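Below is one structure, written out as structure tokens, with a few remarks after it.
Number of protein chains: 2
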Amino acid sequence: MKIGEFARKLGVSTDTLRYYEKHGLLTPSSRSQSGYRIYTDTDIKQMSFILRAKNVGFSLSEIKELLQIKIHKDQHSCHEVKEMTLQKRDLVAQRIEELTRFYDSLSLLAKKCCGGEEPAENCSILTTLEDIDGLTH
Amino acid sequence: MKIGEFARKLGVSTDTLRYYEKHGLLTPSSRSQSGYRIYTDTDIKQMSFILRAKNVGFSLSEIKELLQIKIHKDQHSCHEVKEMTLQKRDLVAQRIEELTRFYDSLSLLAKKCCGGEEPAENCSILTTLEDIDGLTH
DNA sequence: CTTGACCTTAGGGTGTACTCCAAGGTTTAT
DNA sequence: ATAAACCTTGGAGTACACCCTAAGGTCAAG
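Going down the list, the sequences are from chains A and B.
The first sequence: position 95 = 95 (our numbering), numbered continuously.
The second sequence: position 134 = 134 (our numbering), numbered continuously.
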């Protein structure tokens with residue numbers, strides 16, 4: 001499919017797709033005789049991956065590194081690829097841990113809060129964070 | 001403490017601290033007679049919160065919103081604060097879910113990989129993602 | 001065969017989050 | 001008392017991730 005249809009399907013602009021191509025994140029599978037970009041189902045998968053990664057806070061250069069694991073598969077040894085993968089996985093695990101602390105903080109905050117119409121005296125995220133910090137650190 | 005010591009303690013630049021103050025994320029507790037910014041332990045807690053939030057992918061304006069929960073505590077009802085808190089919590093839960101999928105993908109990738117010195121033929125993050133997508137969607 | 005909806009590249013503009021001066025005031029040590 | 005090491009504001013510059021416009025080429029429908 002051409003860039004317009006692909007963009008609509010993925011919910012991004014054509015500008016974004018050209019930008020990603022320029023920066024080595026997603027090169028369309030081929031070009032038509034007239035030079036139009038042609039995207040395929042494989043491109044949809046890769047783009048979905050990029051968007052999910054972006055959504056959880058990875059920068060484009062970090063995402064590029066993740067995609068390098070694929071690109072490097074012929075040029076690098078299994079050992080190197082495995083190391084890089086595990087390193088990235090640890091980073092993801094750290095972020096999950098931090099987010100879990102945020103989740104706990106917000107849960108505690110909501111629980112503490114009566115939910116009524118009176119002024120929210122005890123509703124301080126910082127107070128709650130101090131409690132959480134006290135418990136987990 | 002003054003801005004330099006505070007910055008060193010938190011591992012950020014003084015420019016960043018002045019930027020955060022300007023944009024309403026962290027206002028130092030007080031100023032000295034000569035106009036120097038004076039930071040306290042409370043500021044350390046708030047700054048740590050900001051840095052952790054940033055680290056897990058929140059933008060500065062999102063972080064500001066989180067901090068508003070504190071600021072609004074006297075001006076808004078418990079009900080409003082609770083709603084906002086739960087909404088933010090759901091957002092965090094979604095990110096945790098996505099990150100967990102990334103973690104699983106990277107784990108599967110590492111597991112598939114023999115880790116030896118030969119070219120990494122089967123080490124494609126996309127192949128693995130397809131597997132994961134097939135299993136979880 | 002031309003209108004309209006698509007596509008191309010090149011290049012400029014925007015918002016976010018810093019980062020780096022410049023010009024000057026303050027504090028501390030010798 | 002003066003140099004070094006801090007601090008102040010204001011404003012300019014940078015990197016990232018787009019977003020928009022201009023000027024022109026492509027293509028299917030009427």
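Don't be surprised by glycine CBs; every beta carbon is placed ideally from N, CA and C.
Computed from a predicted structure; not experimentally measured.
Pairwise C-alpha distance: residue j and residue i
i	j	result
Glu97(B)	Ile3(A)	30 Å
Leu66(B)	Lys54(B)	12 Å
Ala93(B)	Ile69(B)	18 Å
Lys22(B)	Thr100(B)	36 Å
Cys78(A)	Leu106(B)	14 Å
Glu83(B)	Ser34(A)	54 Å
Arg37(A)	Ser30(A)	6 Å
Arg95(B)	Tyr103(A)	10 Å
Glu80(A)	Thr14(A)	35 Å
Met1(A)	Val56(A)	28 Å
Lys9(A)	Ser32(A)	20 Å
Arg52(A)	Ser48(B)	27 Å
Identity of the residue in the options nearest residue i by Cα
i	options	result
Ile44(B)	Leu91(B), Asp104(B), Lys88(B) and Phe6(B)	Phe6(B)
Asp41(A)	Thr27(A), Gln87(A), Gln33(A) and Arg101(A)	Thr27(A)
Leu25(B)	Gly35(B), Phe58(B) and Leu99(B)	Phe58(B)
Val12(B)	Ile50(B), Ile63(B) and Thr100(B)	Ile50(B)
Leu86(B)	Lys111(A), Glu80(A) and Ser77(A)	Lys111(A)
Thr16(B)	Ser29(B), Val56(B) and Leu60(B)	Leu60(B)
Lys64(A)	Arg37(A), Met1(A) and Tyr20(A)	Tyr20(A)
Cys62(A)	Arg37(A), Glu80(A), Arg89(A) and Ser30(A)	Correcting the residue type first, residue 62(A) is Glu in the shown sequence and not Cys. Residue Arg89(A) is the option with its Cα nearest to Glu62(A).
Per-residue DSSP class, three states only, for residue i
i	result
Ser34(B)	coil
Ser61(A)	helix
Ser13(A)	coil
Ser77(A)	strand
Ser29(A)	coil
Gly24(A)	coil
Met84(A)	helix
Val92(A)	helix
Tyr103(A)	helix
Thr42(A)	helix
Met47(A)	helix
Lys2(B)	coil
Same chain only: Cβ atoms within 7 Å of residue i, ignoring 5 sequence neighbours per side
i	result
Gln46(B)	Leu26
Own chain partners of residue i with C-beta closer than 8 Å, once the 5 adjacent residues on each side are dropped
i	result
Ile125(B)	Reliability of the predicted coordinates at Ile125(B) is poor, the pLDDT of 49 falling under 50, and the value obtained from them is presented with this limitation in mind. Correct list, in chain order: Ser105, Leu106 and Leu109.
Neighbourhood of residue i by C-beta, 6 Å cutoff - its chain only, sequence neighbours within 5 removed
i	result
Tyr39(A)	Met1, Phe6 and Pro28
Leu91(B)	none
Arg18(B)	none
What residues from the segment 27 to 43 of chain B come within 7 Å of chain A, judged by C-beta to C-beta, listed N to C?
Under the 7 Å Cβ criterion, the segment 27 to 43 of chain B contributes no residue.
At a CB distance below 7 Å, what residues from the segment 91 to 106 of chain A approach chain B? Give them in sequence order.
Identification of residues in the segment 91 to 106 of chain A having a C-beta nearer than 7 Å to some C-beta of chain B yields Val92, Ala93, Arg95, Ile96, Glu98, Leu99, Thr100, Phe102, Tyr103 and Leu106, given in sequence order.
Against chain B, which members of the segment 8 to 19 of chain A pass a CB distance test of less than 9 Å?
Flagged: no residues at all.
Chain B contacts made by the segment 45 to 67 of chain A, where a contact means CB separation under 9 Å:
Against chain B - using a Cβ distance shorter than 9 Å - the residues of the segment 45 to 67 of chain A are Lys45, Gln46, Ser48, Phe49, Arg52, Ala53, Asn55, Val56, Gly57, Phe58, Leu66 and Leu67.
Listed in chain order, which residues of the segment 75 to 89 of chain A have Cβ atoms closer than 7 Å to some Cβ of chain B?
Per Cβ criterion, the list reads His76, Ser77, Cys78, His79, Val81, Lys82, Thr85, Leu86, Lys88 and Arg89.
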